[in-house]
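Just so we're aligned: the sequence shown equals residues 588 to 853 in this note's numbering. Here a beta-carbon is modelled for each residue, glycine too, at the ideal position from N, C-alpha and C.
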Amino acid sequence: MNTLVVFRQIKEKVKAYIKQLKLKIEEKTTGRPKKLSTIQTLTLVLYKHTQGIPTKKAVWKDFGLKCSYKTFVVNVNKLLVVATKLLLMLMKENRKHSHLIKYTDSTDIAVCLNKNAKYHKTMKGIAQWGRSSKGYYYGLKLHLSADYEGRVLSICFTPANTDDRTPFMKLNKDLYGLFVADAGYISEKLRKEFHIENKRMLIAKPKANMKKLETPLQHILYSSRSLVESHFNNLKKFHNIVNTLPRSIDGYLCNYICSLLAHVIS
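Here it is, written out as structure tokens:
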């Protein structure tokens, strides 16, 4: 599809969401006028994340923007607050219509290659060493809750060495239903603390070395956990959430939030 056609479609969608959610965007009213409005910049970034374009420079070149590349990057990094507000409001709307069955899981978000971790300074103090199914990595964890129908309901980021059970209560504080999770969430204390009679409960898949006493319904629910894993797959393969190129904390955070926003609205 033509680049400009896709750009216009994304821009109309962004404007529609902003209007629907009554999100106020304050533009600069004094001094030299901006060459790119906030909505234009947000549209360009979402275009990048929905079309699988790896760098901001590629977008800057493709659209032949009149502003300098440095100015474009500064404008993009300033989107963090607006993009975060929009993402939170969209998730809030999703929670109003969420399915009874929900899933919580986490995934690895590396901030650099392992060989560069010793010299990485940008995310120092935030990123940590962690271990995923693919081995050790240096970075963060993305924790995400979604429902059976694919709605993203809640997200949070933690250092890579954080126990999955630690942010679970905060992540799902205002959510209700039947929550399905993997063996990393097994905890009798967490299960009892999270449980609210007739409102919500947590069932975690037993570990391989545990005696399995599961009902046919539990087996079906455990088998459907791929639904939440598909969110991570899409974020990594199609929306470039893992990116080692940013040179500032704002750059990293803006990349994560805009990637999630692109995923939620696509």
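In the same chain as residue 681, and ignoring 5 residues on each side of it, the C-beta atoms closer than 7 Å to its own belong to 738, 739 and 740, in chain order.
In the DSSP assignment, the residues bridged to residue 693 are 730. Taking one beta carbon from each stretch, the region 655-671 and the region 705-712 have fewer than 3 pairs nearer than 8 Å; the two do not touch. Closest option to residue 594, judged by alpha-carbon separation, among 635, 783, 624 and 613: 635. Counting every other CB atom within 10 Å of its CB across the protein chains shown gives residue 638 a total of 16 or more, marking it as buried. The alpha carbon of residue 744 has as its nearest neighbour, out of 841, 629, 624 and 722, the alpha carbon of 841. Beyond the five residues adjoining it in sequence on each side, residue 600 comes within less than 7 Å, by CB distance, of 852 in the same chain, given in chain order. DSSP places residue 743 within a strand segment (E or B) once states are collapsed to three.
Taking C-beta separations shorter than 6 Å and ignoring five residues to either side along the sequence, residue 835 has no partners in its chain. By DSSP's assignment, residue 725 forms a beta bridge with 716.
DSSP lists 688 and 788 as the bridge partner or partners of residue 765. C-alpha of residue 748 to C-alpha of residue 715: approximately 6 Å in a straight line. Under the three-state reduction of DSSP output, residue 711 falls in the strand class. The residue from 780, 773 and 702 with its alpha-carbon nearest to that of residue 790 is 773. In this structure, residue 763 and residue 787 form a Cβ contact; the two beta carbons are roughly 4 Å apart against a cut-off of 8 Å.
In this structure, the CA atom of residue 734 is about 8 Å from the CA atom of residue 815. Nearest neighbour of residue 606 by Cα position, chosen from 624, 647 and 676, turns out to be 676. The region 718-728 makes contact with the region 690-697, as at least three CB pairs between them are under 8 Å. Bridge pairing for residue 640: absent [DSSP]. In the DSSP annotation of this structure, the continuous segment of the alpha helix (DSSP H) that includes residue 824 starts and ends at 813-824. For residue 610 and residue 667, the gap between their C-alpha atoms comes out near 14 Å. Counting other Cβ atoms within 10 Å of its Cβ, residue 850 reaches 16 or more and is therefore classed as buried.
In the DSSP assignment, residue 706 falls outside any alpha helix (DSSP H), carrying neither H nor E.
Taking each of 643, 838, 732 and 674 in turn and checking the Cα distance to residue 818, the smallest one comes out for 732. Between the alpha carbons of residue 783 and residue 775 lies a distance of about 14 Å.
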